[in-house]
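Per my numbering, the very first residue in the sequence shown carries number 413; after that it's consecutive. Note that the Cβ used here is the ideal one computed from N, Cα and C, for glycine as well. Predicted model only: the values in this text are computed from it and were never measured.
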Amino acid sequence: MIKLKFPNYLIILINSFLENRTFQIKIEATTSRIAHIEAGSPQGSNLSPILYNIFTQDFPTSPLVEIYLFADDAAILTKAATPENIRKRLQTYLCKLKKWLRLWRISINTGKSKAIIFRKGYSRKAPPPPLNLFQKPIAWCKSVDYLGVTLDNKLTFKNHLNRINCKFKNKLAMLHPLLGRKSKLTLGRKRTIYLQYLQPILICMRNLGHGSKYAFKETPVKSKRSAQENTRCSRVRPRRYLHKELKILPIKSRIKQLSSNFHSQVAGHSNPTIQTQANVAAQRRDTSKYPIESRKLRNDF
């Protein structure tokens with residue numbers, strides 16, 4: 413704030429807001445000793461997000477990469493004609509990032525950092541050497557978790573959908589005493605439980621992207637299973653009759669509805685990065701392993 417020439421009274425006020433903070437942990441009747449908070453800002457405060465934006469306003473950038481920050485998560489993206497050039501660009505930026513982290517004494521968990529290459533088809537070549545940050549390797553992975561979404565290297569979202577289906581199965585088993593055939597709850601209350609607790613799991617993040625047909629195939633089966641539990645009907649009854657009795661949309665129709673509503677609001681979004689998604693034209697099909705834009709820039713590497 414001093415570097416950005418904030419007024420002195422604001423600097424003094426923020427300093428008093430962050431200084432002399434303590435915390436204590438209590439478990440049943442046992443209380444820990446009082447400890448001092450050396451860094452960070454109070455969670456839940458209206459000032460904390462603003463202070464974070466001020467603190468990271470000089471986050472290093474580069475024309476070779478794109479930076480996406482969300483809270484304490486950071487994604488560094490680049491595109492190139494070969495994996496070797498991708499690694500070169502990322503490693504160059506990581507060296508620049510390391511200097512910034514040391515300047516502001518920020519520690520990051522390199523063990524949670526992962527690298528991935530998105531490409532078409534399959535390659536028999538070995539992946540490039542791992543990236544390095546603070547003399548610790550960042551290995552190349554076939555899938556990564558980012559903001560609750562599992563991204564695989566083919567962008568089929570198969571791993572993400574499998575994780576959601578597994579989560580749905582566990583939640584359905586947990587709610588079986590309420591939704592099972594022997595439950596005394598009325599059909600209306602069972603329907604409410606399905607709409608509030610089960611259906612949101614199946615449609616989580618699916619209105620934002622597109623997965624492979626194979627990965628999506630199991631979703632209606634999961635939805636039908638929960639509908640059978642609600643109505644106590646035969647297991648061989650067609651799915652369309654179950655949805656009609658419960659007065660709910662089929663899961664695919666619900667996802668299409670949410671997706672249409674979401675993408676209709678993208679063009680008018682306040683975030684310019686999200687606005688650009690409305691102007692992305694569908695690329696023509698070809699047999700190349702890398703994006704068209706990166707092949708056009710081959711001479712720059």
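- The shortest C-alpha to C-alpha distance from Ala527 to any of Leu513, Leu545 and Phe580 is the one to Leu545.
- The DSSP-derived three-state label of Trp512 is helix.
- By the criterion of at least three beta-carbon pairs nearer than 8 Å, the stretch 555-563 is in contact with the stretch 572-583.
- Residue state for Asn544 is assigned as strand, using DSSP reduced to three classes.
- Beta bridge pairing from DSSP links His588 with no other residue.
- For the stretch 649-691, the continuous alpha helix (DSSP H) assignments of 4+ residues that do not extend past its boundaries occur at 651-658, 663-678 and 684-687, in sequence order.
- Distances from the alpha-carbon of Ile663 to those of Arg593, Leu614 and Lys500 put Leu614 closest.
- Taken atom to atom, the span from the alpha-carbon of Asp470 to that of Leu513 is near 11 Å.
- Look at Phe418 here: in three-state DSSP terms it is coil, with no helix or strand label.
- Excluding five sequence positions before and after Met413, the CB atoms of its chain that fall closer than 6 Å to its own CB belong to Ile423, given in chain order.
- Exclusion of the five residues before and after Thr473 leaves Ile479 as the residues of its chain whose Cβ lies within less than 7 Å of its Cβ.
- The C-alpha of Gly560 is placed about 18 Å away from the C-alpha of Tyr609.
- Exposed is the label assigned to Leu416, since fewer than 16 other Cβ atoms lie within 10 Å of its Cβ.
- Check the Cα spacing between Asn427 and each of Phe435, Ser453, Lys438 and Lys491: the tightest is with Ser453.
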